[in-house]
Structures are given as structure tokens and as C-alpha cells.
């Protein structure tokens, strides 16, 4: 991981040599651990866009080249040849499972698909109308009480059991809250069904079609991890305080909730619906997106990391056509999305800014085809991202990482004192 390269920083006539580290994909970074002690300086990087907070062996992402790999496997290979549970196993344990391991893993996850009495009561007691991500976060943190006996981050056996519990329990919590919100009773999972099959069954009470199950499996794979994004970084930061897995994941769910992160696919569907209601004039809305005086935003384009095409978007676009065709659905929003993408990619404004469709642009259309309501889209993102969160929390604790504690550049008032006579304090009665 290390090399003999250094970076030299000159400050006030002194030179400081900082060591350079090289990752397995030849990505280089210099270590600033000694910077403040030797120069009194700290770095400033708004949003941490150029700051590595950790070393991780889980996911490699090259935004300039449009590359995404889980544990070395290209996302294209995994999307085509693996199931979501196999990918979850890969992220958590580092290798794809063999047939026996996959069977055992699936059985453990299936056995963990239980709605505990405390979570049942909590989900039913929460007020109607709150966002399902709020309900999901509350239910997940409450698991700390149910599973206090497997909550020690330093205990590897606890980590293994807690990971299985979470991956099995989260879809149950999500489906249960959806049912309660709509005045319906909870549907227990069918032990004969697969993971994705069970989630759709618990949502609707009907056995889903193979096309629906396959589509959901693909979407969850594409969302399973994405390096140090906002929610994953949150899970790691909370976990660095030695908080248990359930508390850390609850925090990650809250971070994912935001419209600039996991809520983006919901925003895309709402945008497409707005354009459709407005007559479907793609060029009109392309113009509005470029107009600085317009409040209209073209959702689902551009990415904080990708400066090229999001590889997940290419996979989802193909899947969208296939899924809707298999299900016999003619969705005007799909044709609208394609037209919008085509117009944007031909426009010099979007080309120059390298604004390409991201994973959120087409995912909502598939969720709609699966009869997943818009307000549940972010929950679906959480279901997919869960194995990545677990893997990062596990990696953090296995490496014994330091507690996260970023610095700041203070911009408030300099030292000052209260002048004149202060208000006398009242004596206690």
C-alpha cells in the first residue's frame, strides 16, 4: 500500500515531507496526519470531495472512467450473473459464496425474516403520514433492545449474527410499515420464497411474477454499495464511536432519506410526471433546466463522483425496457425519460458540464412498474444499500479505526467579554 513517494509542503520557510500511499488500483493519496503537529495547519475540503477518510477493500469507483466494482467484480458482471443475496455475501465476507455457502446464507436470512413484537407495536403506534424512512429508522434503532445480546462491535460472532438479523429483518419492517400505513394487516413471509419474492409478497399479499422478482433483484444489486457516499460515511462515522450495528444503520437510513441522496429517484418520477402533465415538451424543459432564472431542475442527471456515464444507469435503462415489456406495461414516462436523455446528451450545455443520467433516472420507472408507491422509493434504496453499510461497519470495527472527528475552520467572533453590569442572578428559593 505504501511507496517511497512523498509530497512536499512549504510553509513559512519550512518544508514538510508527507508520505504517499498507493491503493490496489494505483490511486494515490498523501497522508496529512503530521500536518498540524508540524505546521499548525489543517486542510479545508468542503464536502470532503478530495479527502479520503479511510482505506477500504470493499468497493472501487473511478468516476472519470465510469467504473464500479464490488470486491473487484465489475458491476456489469454481478448484475448479469449474481443474485442480490450472493452480492450481499460478497460485500460482507469478501468473496462470492459457493453453492453450499449460498444455500446456507439464504436459509439464515430467510429464518431472520421475523417481525418482533416490539417492532410490530412500534410500527403500528407511529402516526399515519410520517415518511416511511422515519418509521424505518425508528424500528431499526429499536432492534438494539431486542438484540442487545449480539450488539458488541468488538465481538466477531455478534457482528455475524447482527448482520444476518439486519439483512433479514429490514424488508420485513419496510413491508409491515407500508401495510400498517394503509390500514392493512401484516403478511408473514413465505419460507418457500426467495428474498426479493418475499418482500413483494409481504407488500401485496400476492405471489409476484418472475419478471418482477428479477427486476427487484437487479435494482438491489445496483444499489448495494457505492464507496464513501453520504449514508455509508454516516454509518462509519457513527460506528467509529463503538455504536452498535443497529444504531449505526439507523443513522445511515436518516442520511439516505435526504432528496440529494436516496430521495433522488422519487424526485425524478415527480419531475417526469410534471413534464408529462405539461404536455411532454422535452425541449421546453431542457431550456428551463439551463435557465438560471428558472426554479426547474433536471433531476437524475449528473453525479458527485461520476464525470462520465454512470455504469448503473446503462444497466437500468436496458432493464427498464425488458421489465416493462415482460409485464406488458406501456409507461409514457419511460418514453419521456428516453426523449429527455436523448435531448440532453445532444445539448452542448450538458456535454460541457458532463451531466449524464445517473442510477436514479430510470430506477423509479421500474419501481412504479412493480407497484411500489413513490414514497417507498427511498426505502427500496435502503434495502439495496444495506449490505454495503453492514460491510463498511464490519470493516471499520475489524480494523480498529479511530473515532471520526473532523476539524473545522472557525469563522465566528474572536474572543470577547461581557461589558458593563450583568443582570443579577436570582437566588434559589
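In the working numbering, the protein residues as written are 159 to 587. We put the beta carbon where it would ideally sit given N, CA and C, even for glycine.
Integer Cβ distance of residue i from residue j, believed to fall under 8 Å
i	j	result
residue 274	residue 304	5 Å
residue 407	residue 324	6 Å
residue 277	residue 300	6 Å
residue 354	residue 378	7 Å
residue 373	residue 441	Not confirmed; about 31 Å, so no contact.
residue 444	residue 521	No, residue 444 and residue 521 are not in contact; Cβ-Cβ is about 21 Å, not under 8 Å.
residue 180	residue 555	With a Cβ gap of about 25 Å, residue 180 and residue 555 do not count as contacting.
residue 398	residue 413	Between residue 413 and residue 398 the Cβ distance is about 15 Å, and since that is not below 8 Å, they are no contact.
residue 158	residue 335	Because the chain in this structure spans residues 159 to 587, residue 158 falls outside the shown range and cannot be described.
residue 492	residue 478	6 Å
residue 186	residue 178	6 Å
Test item: CB-CB of residue i and residue j under 9 Å
i	j	result
residue 405	residue 396	yes
residue 164	residue 188	yes
residue 332	residue 553	no
residue 393	residue 519	no
residue 470	residue 284	no
residue 282	residue 338	yes
residue 243	residue 228	no
residue 415	residue 289	yes
residue 459	residue 516	yes
residue 482	residue 530	no
residue 536	residue 291	yes
residue 494	residue 430	yes
residue 237	residue 358	no
residue 484	residue 296	no
residue 468	residue 507	no
residue 200	residue 567	yes
residue 545	residue 246	yes
residue 505	residue 448	yes
residue 391	residue 539	no
residue 428	residue 330	no
residue 605	residue 190	Since the displayed the chain opens at 159 and closes at 587, residue 605 lies outside it and no answer follows.
residue 409	residue 352	no
Separation of residue j from residue i, as counted between CA atoms
i	j	result
residue 160	residue 306	Only weak support is given to the placement of residue 160: the predicted model assigns it a pLDDT of 48, under 50, and the value that follows is read from those uncertain coordinates. Straight-line Cα distance between these residues: approximately 40 Å.
residue 512	residue 222	10 Å
residue 232	residue 548	20 Å
residue 313	residue 218	27 Å
residue 562	residue 356	37 Å
residue 311	residue 461	33 Å
residue 424	residue 451	24 Å
residue 224	residue 173	37 Å
residue 252	residue 169	43 Å
residue 446	residue 490	21 Å
residue 348	residue 564	46 Å
residue 183	residue 213	12 Å
residue 203	residue 418	19 Å
residue 234	residue 260	20 Å
residue 571	residue 343	56 Å
residue 267	residue 241	14 Å
residue 367	residue 433	31 Å
residue 476	residue 286	37 Å
residue 421	residue 257	36 Å
residue 360	residue 463	35 Å
residue 486	residue 503	29 Å
Which residues DSSP lists as bridging residue i, in chain order
i	result
residue 187	179
residue 137	Outside the shown range of the chain, which is 159 to 587, sits residue 137, and nothing can be said about it.
residue 459	515
**Q.** Runs of alpha helix (DSSP H) wholly within the segment 189-242 (minimum 4 residues, chain order)
**A.** 193-197 and 233-239
Q | 4 or more residues per run - each alpha helix (DSSP H) lying fully within the segment 537-576 | A | none
Q: Run through the segment 291-335 for me and flag every whole alpha helix (DSSP H) of 4 or more residues, listed as ranges in chain order.
A: none
**Q.** Continuous alpha helix (DSSP H) assignments of at least 4 residues falling wholly in the segment 469-526
**A.** 469-484, 490-504 and 506-510
Q: Within the segment 233-289, note down every full alpha helix (DSSP H) run reaching 4 residues or more, in order along the chain.
A: 233-239, 242-251, 257-269 and 275-283
Q) What are the start and end residues of each continuous beta strand (DSSP E) run of 3 or more residues lying completely inside the segment 399-463, in chain order? A) none
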